[in-house]
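Step one of this worksheet: look at the structure below.
2 protein chains.
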Amino acid sequence: MRQSRYSLGARLHREPRGAVRFTRTLTQVFAGHPARAAVSLFLLVISVFTILLASPWVSAERMPMTLTDAALTATSAVTVTGLTSQDPEFYSFAGQVVLLAAIQTGGLGIVTLGAWLTLLVSRRLSLRTRLLSTESLGVSKLGEVPALLLTVFVVTLTIEALLTLVMLPIFVQALGFGKGLFHALFYSVSAFSNAGFVLDPNSLDHPVVMTTINIGVFAGALGFPVVYMLYRMIFHKARMNLHTRITLEMTAILLIGGALLLAIFEWHNPATLGTMSTGDKLHNAIFASGMTRSGGFNTYDVTAQTDQTLLVTSVLMFIGGGSGSTAGGIKVTTLAVLLLAIVTEIRGEEHMRVHRRELPVGLIRVAVAVLMAGSVVVLTAVVLLTWVTRADLATTTFEVLSAFGTVGLSTGLTASAPDAGKWILLAVMYIGRVGTITFAAGLTIRQQQTLYRFPTERPIIG
Amino acid sequence: MRQSRYSLGARLHREPRGAVRFTRTLTQVFAGHPARAAVSLFLLVISVFTILLASPWVSAERMPMTLTDAALTATSAVTVTGLTSQDPEFYSFAGQVVLLAAIQTGGLGIVTLGAWLTLLVSRRLSLRTRLLSTESLGVSKLGEVPALLLTVFVVTLTIEALLTLVMLPIFVQALGFGKGLFHALFYSVSAFSNAGFVLDPNSLDHPVVMTTINIGVFAGALGFPVVYMLYRMIFHKARMNLHTRITLEMTAILLIGGALLLAIFEWHNPATLGTMSTGDKLHNAIFASGMTRSGGFNTYDVTAQTDQTLLVTSVLMFIGGGSGSTAGGIKVTTLAVLLLAIVTEIRGEEHMRVHRRELPVGLIRVAVAVLMAGSVVVLTAVVLLTWVTRADLATTTFEVLSAFGTVGLSTGLTASAPDAGKWILLAVMYIGRVGTITFAAGLTIRQQQTLYRFPTERPIIG
Ligand SMILES: [K+]
Ligand SMILES: [K+]
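So this is what it looks like as structure tokens:
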């Protein structure tokens, strides 16, 4: 090998205790300032709701859930997943109120956490670089956390109020004013939070309810940064930032592409779309496609779908929704950056560019880290869950992806799994929800200047 | 949004006809000089062996295969996969010779192609940069293609001769000299080419044969660049390059990690390791772990394995072996670069470094491109194959991954699939073999200087 003129310099700057240093920094990513607070707060909230949901008055029959079921349901509600071991009929009115409170707390908590982390990342980056990074959130003017909280709350509650108003007449006509109002409120919160919890399995039969829920889930899955950008574009003539443009484009592609594939694979399936009119087939395919990327409501039985649909659904669940949203998964911008890497390489370009903007050099590595970490979590959980439940690989993978993407579509495995299986799914929901968002932000905040360089060498790839 | 001082400049340099330009460059990647030659040559070789294998004299019973089966077998042999619809007993001695010729041609072809593409990449890169890239192949002194060909042939035939000599006494004792010599030769070629074809299902029962095949597969899966580097280290005191170090490390980690997981999941399974002695359990676990990353020989029934093993095997098959080797998959260096992205981000470093070397900035994007392209091929093939065969998702995914990784472990689906399914698997083998290697090299060769820049903007990830 040629002696490099860098070698001596590199030798003098020995990296201090490699493995020790790596372990320490790994701990810092998860136990550092922003991530630790998020991890602890969500655990606390889930614990409180577990205790509430284990109480007898939550049940219509005054027969309380086991502690495992309560922990599963509390995690599912706070992480806005919707996987549950209880039928909707289980709950008393008080139980339904607790569930609503858990979903609303979780939904608002996630959005606030996302906005807060984005703000921290923006600030940290703008201290060192001339990036337009503060534009990503579109809240560079807000500055302080209380103001941020207020904005998130006002935006969320306004949209939920609008959704409630649209569904109110239908539910009031069917259930009377008091119960109708509660149902309209519950469904609007469940939809905008992408929670996927229902009070009655047949409630989605009404086309207006179905469409309203679809719009609520769609808006919720875009994420607060995008919703707030759209608000500023409409009312303050702001120009669309890159994050919003990419999120909208990917969401549209995945929604329409997913709907087309689902329509093709279910068109003649009598248990799903087969018996519907052509219009209803298309409407239900669009609904189902949107729900896979983390709404989790369903108008037909998941297990009745073809294997092709199960696979497409699995992929869409893993991708999830927008960053800083109540949707789960690795997020559509992560996928966009990964796909852009291919486009850049095929074009043979030196820098990743899209829409007349250049992406920061390290961004692709954050995307890869999120993808690989997500894959490891899912694969590990599938191995453990097949071992515990003895269910087949396809069913287990579907259920784990549904938990990781906090989607809530179920093959029934969550309800039938032994306690150990429920705790695995509970852990996956928690990691899918709190882990992904804090991991990516934690990584980005850590980026630092290089003090010394090594000579470059290129291994062969592929 | 802040007006950037770059905007006007960017506007003046409009990118020429985006979609048209992209399509043109995509075509260039696959139809350009090195890739086109490889794609055509392999198609030609497969066609010739298809015609030979469809002849009646190939069959012991003089009952020729169908053209589909012949095409499947020819593709399987030339791509050194080992998935086949025929039992070993089907072949006449002439048929066995044709099979051996197809495997040897395919194996040598792949190694030569890999070495040639690496040389092209190295030259192209070294014209523009001060990279140590020529060190990757370790053949910077060779220069010309005929000399490269000669080196590949001499190295390959020497190793195959050594493997043949070790197994010769055992086969001669069992089958007599003539037949024993042919068997020893066949197994050594099948092993070093990572082909996984056998002449007799019980031939792996002898521990010496099993160990020799294991070593042959291991050496073959490292790849010519690594084998040649090791030769230069031993005989010319050369220093190990980065590619060799990474390949050896990842291979060791995957071999031992895989063996540990397989041992855990099969320890008490009576249909696989359950009835063996502890020593045999460990030996067979190491053997099975190595075979998943593309040898494809098996000592027990694949379908008898637990679901956990099937999943671990699936992941290992997708990863595959070393670059420029007869193994398939996305390659261990690709995985290493992806994992290194996570390490770099957790450390918060600006550049990807390993073993006191820095990786080129664009390398992670090539790795992402290979990963994503591989995933798309596998997912598409699984959707098509479940549709055609009506087999369940887990079985189909396993068989497609086995074809993509040119592994050859089978659930039996290849043999039982209708013709359409066989053509799908045949296409996946071809893409997994020729596609991956030319795609990555084609991308790398295309890298060019940037003429204009855009302002940087950072979307939110994760
Ligand atoms: K959900
Ligand atoms: K093979």
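Note that the protein sequences, when read in sequence, are chains A and B. Mapped onto our numbering, the consecutive letters of the first sequence carry residue numbers 1 to 462. Mapped onto our numbering, the consecutive letters of the second sequence carry residue numbers 1001 to 1462. Where a beta carbon is used, it is the ideal one built from N, C-alpha and C, also for glycine.
For T1464/B, verify whether its CB is less than 7 Å away from any heavy atom of ligand 2. The structure shown does not extend to residue 1464/B, since chain B spans only 1001 to 1462, so no value can be given for it.
Could you check if N298/A belongs to the surroundings of ligand 1, using beta carbon to heavy atom distance under 7 Å? In the first sequence, the residue the question calls residue 298/A occupies position 298. Outside the cutoff, so no.
With burial defined as no fewer than 16 other Cβ atoms inside 10 Å of the residue's Cβ, what is the status of Q1173/B: buried or exposed? Counting from 1 along the second sequence, the entry for residue 1173/B is found at position 173. By the neighbour-count rule (16 or more Cβ atoms within 10 Å), Q1173/B is not buried but exposed.
What are the residues of the segment 1314-1345 of chain B that lie near chain A, defined by any Cβ-Cβ distance shorter than 8 Å? Here the close residues are V1315, S1323, G1324, I1330, K1331, T1333, T1334, A1336, V1337, L1338, L1339, A1341, I1342, V1343, T1344, E1345.
Q1308/B touches chain A at which residues, Cβ-Cβ below 7 Å? Here residue 1308/B refers to the residue found at position 308 when the second sequence is read from its first residue. The contacting residues are V383, T386, W387.
Hey, is V80/A close to ligand 1, as in C-beta under 7 Å from one of its heavy atoms? Mapped onto the first sequence, residue 80/A falls at position 80. Under cutoff, so the answer is yes.
Sufficient close CB pairs (3 or more, under 8 Å) joining the segment 1324-1342 of chain B to the segment 333-349 of chain A: In short, these stretches do not touch, since the Cβ pair count stays below three.
Say whether chain B places a C-beta atom closer than 8 Å to the C-beta of G462/A. Along the first sequence, read from residue 1 onward, the residue named residue 462/A stands at position 462. Taking Cβ atoms only, chain B reaches closer than 8 Å to G462/A, which makes this a yes.
Find out if the Cβ-Cβ distance for the pair G320/A, R357/A is shorter than 8 Å. The residue you call residue 320/A lines up with position 320 of the first sequence. The residue you call residue 357/A lines up with position 357 of the first sequence. Note that the C-beta distance between G320/A and R357/A is not below 8 Å.
Taking its Cβ as the centre, do 16 or more other Cβ atoms sit within 10 Å of G216/A, making it buried, or is it exposed? Along the first sequence, one-based indexing puts residue 216/A at 216. The residue in question, G216/A, is buried, as its Cβ has 16 or more Cβ neighbours within 10 Å.
Other residues of its chain near A1304/B: CB distance less than 8 Å, five sequence neighbours each side excluded: Taking the first residue of the second sequence as position 1, residue 1304/B is located at position 304. If we look at A1304/B and ignore the five residues flanking it on each side, its Cβ neighbours are N1269, A1271, T1272.
Leaving out five residues on either side along the sequence, give the residues of the same chain with a beta carbon under 6 Å from the beta carbon of M352/A. As a first step, residue 352/A is located in the first sequence; it is residue number 352 there, counting from the start. Correct list, in chain order: L340, T344, L359.
Test: F42/A CB closer than 8 Å to a CB of chain B: Stepping through the first sequence from its first residue, residue 42/A is reached at position 42. Interface annotation, F42/A: not in contact with chain B, CB-CB separation never under 8 Å.
How do the segment 1075-1082 of chain B and the segment 1163-1179 of chain B stand: do at least 3 beta-carbon pairs fall below 8 Å, yes or no? These segments do not touch.
Collapsed DSSP secondary structure at E358/A in the structure displayed: The residue given as residue 358/A occupies position 358 in the first sequence. Reduced to three states, the DSSP call for E358/A is strand.
Could you check the C-alpha separation between L1393/B and A1238/B for me, to the nearest Å? Numbered from its first residue, the second sequence carries residue 1393/B at position 393. Numbered from its first residue, the second sequence carries residue 1238/B at position 238. Linking L1393/B to A1238/B through their CA atoms gives a straight-line distance of about 48 Å.
Is there a C-beta anywhere in chain B that falls below 8 Å from the one on F454/A? For the purposes of this step, residue 454/A is taken as the residue at position 454 of the first sequence. Using a CB distance cut-off of 8 Å, F454/A counts as an interface residue toward chain B.
Hey, would you say the C-beta of N194/A is under 7 Å away from at least one heavy atom of ligand 1? Your numbering for residue 194/A matches position 194 in the first sequence. In terms of side-chain proximity, the C-beta atom of N194/A is found nearer than 7 Å to a non-hydrogen atom of ligand 1.
Given L1262/B, which residues of its chain have a CB within under 6 Å of its CB, disregarding the five upstream and five downstream residues? The residue labelled residue 1262/B in the question sits at position 262 within the second sequence. Take L1262/B, set aside five residues on each side of it, and the residues of its chain with a beta-carbon closer than 6 Å to its own are A1285, A1288, S1289, T1309, in chain order.
Could you work out which residues of chain A lie near R1036/B, taking near to mean beta carbons separated by less than 9 Å? Translated into positions along the second sequence, residue 1036/B becomes position 36. Chain A residues near R1036/B: none, gap ~16 Å exceeds 9 Å.
Checking contacts by CB at 8 Å: is S133/A closer than that to chain B? What you label residue 133/A is simply residue 133 of the first sequence in a count that begins at 1. Residue confidence for S133/A is low, a pLDDT of 40 falling below 50, so the modelled location carries little weight; the figure read from the coordinates is stated next. Answer yes: the Cβ-Cβ gap between S133/A and chain B drops below 8 Å somewhere.
Applying the 10 Å Cβ sphere with the 16-neighbour rule, what's the burial state of G1138/B? The count along the second sequence starts at 1 and reaches residue 1138/B at position 138. With a pLDDT of 45 at G1138/B, under the threshold of 50, the modelled position of that residue is not reliable, and the figure given next carries that caveat. Burial call: buried.
Using only alpha-carbon positions, find the residue among R62/A, L108/A, H183/A that is nearest to L150/A. Along the first sequence, one-based indexing puts residue 150/A at 150. Residue L108/A is the option with its Cα nearest to L150/A.
Would you call the CB atoms of A367/A and A221/A closer than 8 Å? On the first sequence, position 367 is the one that residue 367/A refers to. On the first sequence, position 221 is the one that residue 221/A refers to. No; because the gap between Cβ atoms is not below 8 Å, this pair is not in contact.
Nearer than 7 Å: is that true of the beta carbon of S1188/B relative to any heavy atom of ligand 2? Here the question's residue 1188/B lines up with position 188 in the second sequence. Result no, Cβ not under 7 Å from ligand 2.
Nearest-angstrom Cα distance between A115/A and G324/A? Sequence index remark: in the first sequence, residue 115/A carries index 115 (1-based). Sequence index remark: in the first sequence, residue 324/A carries index 324 (1-based). If you draw a straight line from the Cα of A115/A to the Cα of G324/A, it is about 6 Å long.
Tell me the DSSP bridge mates of Y1187/B? Against the second sequence, residue 1187/B aligns to sequence position 187. Per DSSP, Y1187/B has no beta bridge partner at all.
Could you tell me whether the Cβ atoms of V1378/B and F1404/B are closer together than 8 Å? In the second sequence, counting from the first residue as 1, residue 1378/B sits at position 378. In the second sequence, counting from the first residue as 1, residue 1404/B sits at position 404. Yes, Cβ-Cβ distance for V1378/B and F1404/B is below 8 Å.
Does the Cβ of R62/A have 16 or more other Cβ atoms within 10 Å, making it buried, or fewer, making it exposed? Locating residue 62/A in the first sequence gives position 62, where the first residue counts as 1. Its Cβ having fewer than 16 others within 10 Å, R62/A is exposed.
What residues of chain B sit near F439/A, judged by a beta carbon separation below 7 Å? Numbered from its first residue, the first sequence carries residue 439/A at position 439. In chain order: G1462.
Quick one: residues in its chain with C-beta nearer than 7 Å to the C-beta of D200/A, no 5 flanking neighbours on either side, listed in chain order? As a working note, residue 200/A is residue 200 in the first sequence. Once the five neighbours on either side are set aside, the close Cβ partners of D200/A are P88.
Under 8 Å between C-beta atoms of D1401/B and F1297/B: To locate residue 1401/B, count along the second sequence from 1; it is residue 401. To locate residue 1297/B, count along the second sequence from 1; it is residue 297. The residue you asked about is not Asp; residue 1401/B is Leu in the sequence shown. Taking 8 Å as the Cβ cut-off, L1401/B and F1297/B do not qualify as a contacting pair.
Starting from V361/A, find everything on chain B with Cβ-Cβ shorter than 7 Å and list it in chain order. Position 361 of the first sequence, counted from the start, is the residue given in the question as residue 361/A. The answer, in chain order, is V1361.
Nearest-angstrom Cα distance between L311/A and T406/A? Working through the first sequence from its first residue, we reach residue 311/A at position 311. Working through the first sequence from its first residue, we reach residue 406/A at position 406. L311/A and T406/A: Cα-Cα distance of roughly 17 Å.
Which of the three DSSP states is assigned to R390/A in this structure? Residue mapping note: residue 390/A aligns to position 390 of the first sequence, counting from 1. R390/A: coil per DSSP, three-state reduction.
For T112/A and chain B, any beta-carbon pair shorter than 8 Å? Indexing the first sequence from 1 puts residue 112/A at position 112. False, the Cβ-Cβ gap to chain B never drops below 8 Å.
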